[in-house]
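>
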Amino acid sequence: MSGVVHVIGAGLAGLAAATRLASQGQRVIVHEAARMAGGRCRSYYDQQIGLTIDNGNHLLLACNHAAIAYLARIGARDALAGPQECAFDFVDLAHSERWTLRPNAGRIPWWIFVASRRVPGTIAADYLGGVSLLTARAEATVAGALKARGALWERMW
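Position 137 of the sequence shown, counted from 1, bears residue number 137 in our numbering, the numbering being contiguous throughout.
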(Lines of atoms letter the chains of each structure in order from A; the text may use other names.)
(Lines give C-alpha, C1' and ligand atoms only; values in the text may rest on other atoms or scores of the structure.)
Protein backbone atom coordinates (compact mmCIF):
# COMPACT_ATOMS: atom_id res chain seq x y z
CA MET A 1 0.00 0.00 0.00
CA SER A 2 1.10 3.56 -0.54
CA GLY A 3 0.10 6.88 0.94
CA VAL A 4 -0.88 7.81 4.44
CA VAL A 5 -3.99 6.88 6.39
CA HIS A 6 -5.30 9.67 8.62
CA VAL A 7 -7.08 8.43 11.75
CA ILE A 8 -9.36 11.01 13.33
CA GLY A 9 -9.44 10.65 17.09
CA ALA A 10 -7.06 9.00 19.55
CA GLY A 11 -9.73 7.23 21.56
CA LEU A 12 -9.48 3.48 21.97
CA ALA A 13 -11.05 2.81 18.56
CA GLY A 14 -8.75 5.29 16.81
CA LEU A 15 -5.65 3.95 18.52
CA ALA A 16 -6.67 0.36 17.80
CA ALA A 17 -7.22 1.20 14.12
CA ALA A 18 -3.92 3.06 13.90
CA THR A 19 -1.88 0.28 15.49
CA ARG A 20 -3.53 -2.38 13.34
CA LEU A 21 -2.87 -0.41 10.16
CA ALA A 22 0.72 0.25 11.24
CA SER A 23 1.25 -3.46 11.98
CA GLN A 24 0.20 -4.12 8.38
CA GLY A 25 2.88 -1.74 7.10
CA GLN A 26 0.62 1.26 6.48
CA ARG A 27 1.83 4.80 7.24
CA VAL A 28 -0.56 6.34 9.78
CA ILE A 29 -1.10 9.81 11.24
CA VAL A 30 -3.44 10.11 14.23
CA HIS A 31 -5.22 13.44 14.77
CA GLU A 32 -6.59 14.23 18.24
CA ALA A 33 -8.23 17.46 19.42
CA ALA A 34 -7.87 16.77 23.16
CA ARG A 35 -4.68 17.26 25.15
CA MET A 36 -4.30 13.50 25.65
CA ALA A 37 -5.12 10.26 23.93
CA GLY A 38 -7.73 7.88 25.26
CA GLY A 39 -11.02 9.49 24.31
CA ARG A 40 -13.64 8.68 26.94
CA CYS A 41 -11.28 6.16 28.52
CA ARG A 42 -9.74 8.41 31.15
CA SER A 43 -10.09 9.45 34.74
CA TYR A 44 -11.51 12.75 35.91
CA TYR A 45 -12.47 14.38 39.19
CA ASP A 46 -16.25 14.69 39.69
CA GLN A 47 -16.98 17.64 41.98
CA GLN A 48 -20.57 16.53 42.62
CA ILE A 49 -19.53 13.32 44.37
CA GLY A 50 -16.01 14.37 45.39
CA LEU A 51 -14.26 11.40 43.78
CA THR A 52 -12.03 10.59 40.85
CA ILE A 53 -14.01 8.64 38.28
CA ASP A 54 -12.34 6.02 36.10
CA ASN A 55 -14.52 6.57 33.04
CA GLY A 56 -12.97 3.90 30.81
CA ASN A 57 -13.40 0.70 32.75
CA HIS A 58 -16.94 0.07 31.54
CA LEU A 59 -15.73 -0.26 27.96
CA LEU A 60 -13.65 -3.38 28.38
CA LEU A 61 -15.33 -6.71 28.99
CA ALA A 62 -13.72 -10.10 28.39
CA CYS A 63 -15.94 -10.67 25.34
CA ASN A 64 -14.52 -7.58 23.60
CA HIS A 65 -12.14 -9.47 21.32
CA ALA A 66 -11.10 -6.34 19.40
CA ALA A 67 -9.98 -4.63 22.61
CA ILE A 68 -8.10 -7.72 23.78
CA ALA A 69 -6.35 -7.91 20.39
CA TYR A 70 -5.43 -4.21 20.66
CA LEU A 71 -3.91 -4.75 24.11
CA ALA A 72 -1.91 -7.70 22.78
CA ARG A 73 -0.70 -5.62 19.81
CA ILE A 74 0.67 -2.88 22.08
CA GLY A 75 2.18 -5.37 24.54
CA ALA A 76 -0.25 -4.65 27.38
CA ARG A 77 -2.37 -7.83 27.41
CA ASP A 78 -0.49 -9.36 30.33
CA ALA A 79 -0.88 -6.15 32.36
CA LEU A 80 -4.68 -6.43 32.24
CA ALA A 81 -6.20 -7.46 35.56
CA GLY A 82 -9.84 -7.98 36.33
CA PRO A 83 -12.10 -8.91 39.19
CA GLN A 84 -12.64 -12.52 40.25
CA GLU A 85 -16.41 -12.03 40.10
CA CYS A 86 -18.49 -10.26 37.46
CA ALA A 87 -19.93 -7.30 39.35
CA PHE A 88 -20.91 -3.77 38.38
CA ASP A 89 -21.21 -1.13 41.11
CA PHE A 90 -23.77 1.63 40.60
CA VAL A 91 -24.34 4.94 42.38
CA ASP A 92 -27.77 6.48 41.80
CA LEU A 93 -27.49 10.14 42.82
CA ALA A 94 -31.16 10.83 42.08
CA HIS A 95 -32.31 8.24 44.64
CA SER A 96 -29.26 8.30 46.96
CA GLU A 97 -28.77 4.56 46.47
CA ARG A 98 -25.86 2.27 45.76
CA TRP A 99 -26.10 -1.27 44.49
CA THR A 100 -24.11 -3.93 42.71
CA LEU A 101 -25.34 -5.78 39.66
CA ARG A 102 -24.00 -9.36 39.85
CA PRO A 103 -24.63 -11.45 36.74
CA ASN A 104 -23.73 -15.12 37.00
CA ALA A 105 -21.33 -17.01 34.76
CA GLY A 106 -22.87 -19.00 31.94
CA ARG A 107 -25.45 -18.44 29.24
CA ILE A 108 -28.60 -18.73 31.38
CA PRO A 109 -29.14 -15.56 33.47
CA TRP A 110 -30.16 -17.21 36.74
CA TRP A 111 -29.13 -14.05 38.59
CA ILE A 112 -32.27 -12.18 37.47
CA PHE A 113 -34.28 -14.36 39.89
CA VAL A 114 -32.27 -13.15 42.91
CA ALA A 115 -33.37 -9.67 44.05
CA SER A 116 -30.01 -8.83 45.67
CA ARG A 117 -28.19 -9.38 42.35
CA ARG A 118 -30.38 -7.09 40.20
CA VAL A 119 -31.22 -3.40 39.95
CA PRO A 120 -33.40 -2.26 42.91
CA GLY A 121 -37.07 -1.92 42.04
CA THR A 122 -36.93 -4.48 39.23
CA ILE A 123 -38.39 -7.96 38.85
CA ALA A 124 -37.05 -10.86 36.81
CA ALA A 125 -39.54 -10.24 33.99
CA ASP A 126 -38.08 -6.75 33.43
CA TYR A 127 -34.87 -8.34 32.14
CA LEU A 128 -36.57 -10.56 29.58
CA GLY A 129 -37.01 -7.54 27.32
CA GLY A 130 -33.26 -7.63 26.78
CA VAL A 131 -33.77 -10.59 24.45
CA SER A 132 -35.01 -8.08 21.86
CA LEU A 133 -31.43 -6.78 21.57
CA LEU A 134 -30.45 -10.11 20.00
CA THR A 135 -32.82 -9.58 17.07
CA ALA A 136 -32.57 -5.79 16.75
CA ARG A 137 -31.65 -4.30 13.39
CA ALA A 138 -28.09 -3.00 13.07
CA GLU A 139 -29.31 0.62 12.94
CA ALA A 140 -31.59 0.25 16.00
CA THR A 141 -30.83 2.12 19.20
CA VAL A 142 -30.99 0.52 22.63
CA ALA A 143 -33.98 2.77 23.41
CA GLY A 144 -35.70 1.61 20.24
CA ALA A 145 -35.06 -2.08 20.90
CA LEU A 146 -36.09 -2.00 24.56
CA LYS A 147 -39.04 -0.49 26.36
CA ALA A 148 -37.53 2.85 27.35
CA ARG A 149 -39.33 3.13 30.68
CA GLY A 150 -39.36 1.66 34.16
CA ALA A 151 -36.78 1.14 36.89
CA LEU A 152 -34.49 -1.03 34.77
CA TRP A 153 -34.36 1.55 31.97
CA GLU A 154 -33.92 4.53 34.29
CA ARG A 155 -31.32 2.99 36.57
CA MET A 156 -29.27 0.78 34.28
CA TRP A 157 -29.64 1.60 30.59
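Glycine included, each C-beta is placed from N, C-alpha and C at the ideal position.
(1) Straight-line CA distance for R98 to Y70?
(2) Below 8 Å, how does it come out for the stretch 24 to 38 and the stretch 3 to 14: are there three or more Cβ pairs, yes or no?
(3) Near W110, which residues of its chain fall below 8 Å by C-beta distance, leaving aside the five closest residues on each side in sequence?
(4) With DSSP collapsed to three states, give me the class of T52.
(5) Please tell me whether L101 and R118 are closer than 9 Å, where the distance is taken between their beta carbons.
(6) Rank I108, V142, A18, V91 by C-alpha distance to the C-alpha of G50 and give the top, closest one.
(7) Assess, as a yes-or-no matter, whether the stretch 113 to 129 is touched by the stretch 64 to 79 under the definition of 3 or more beta carbon pairs within less than 8 Å.
(8) Mind checking L152: buried by the 16 CB within 10 Å criterion, or exposed?
(9) What residues are listed by DSSP as bridge partners for L101?
Walking through what the data contain:
(1) Straight-line Cα distance between these residues: approximately 33 Å.
(2) With a cut-off of 8 Å, the stretch 3 to 14 and the stretch 24 to 38 count as touching, because enough Cβ pairs lie within range.
(3) N104.
(4) Correct three-state label for T52: strand.
(5) Yes, these two residues count as a Cβ contact at 9 Å.
(6) With distances taken between CA atoms, G50 lies nearest to V91 out of I108, V142, A18, V91.
(7) No: fewer than three Cβ pairs fall under 8 Å.
(8) If you draw a 10 Å sphere on the C-beta of L152, you find 16 or more other C-beta atoms in it, and that means buried.
(9) When DSSP reads this structure, L101 sits in a beta bridge with F88.
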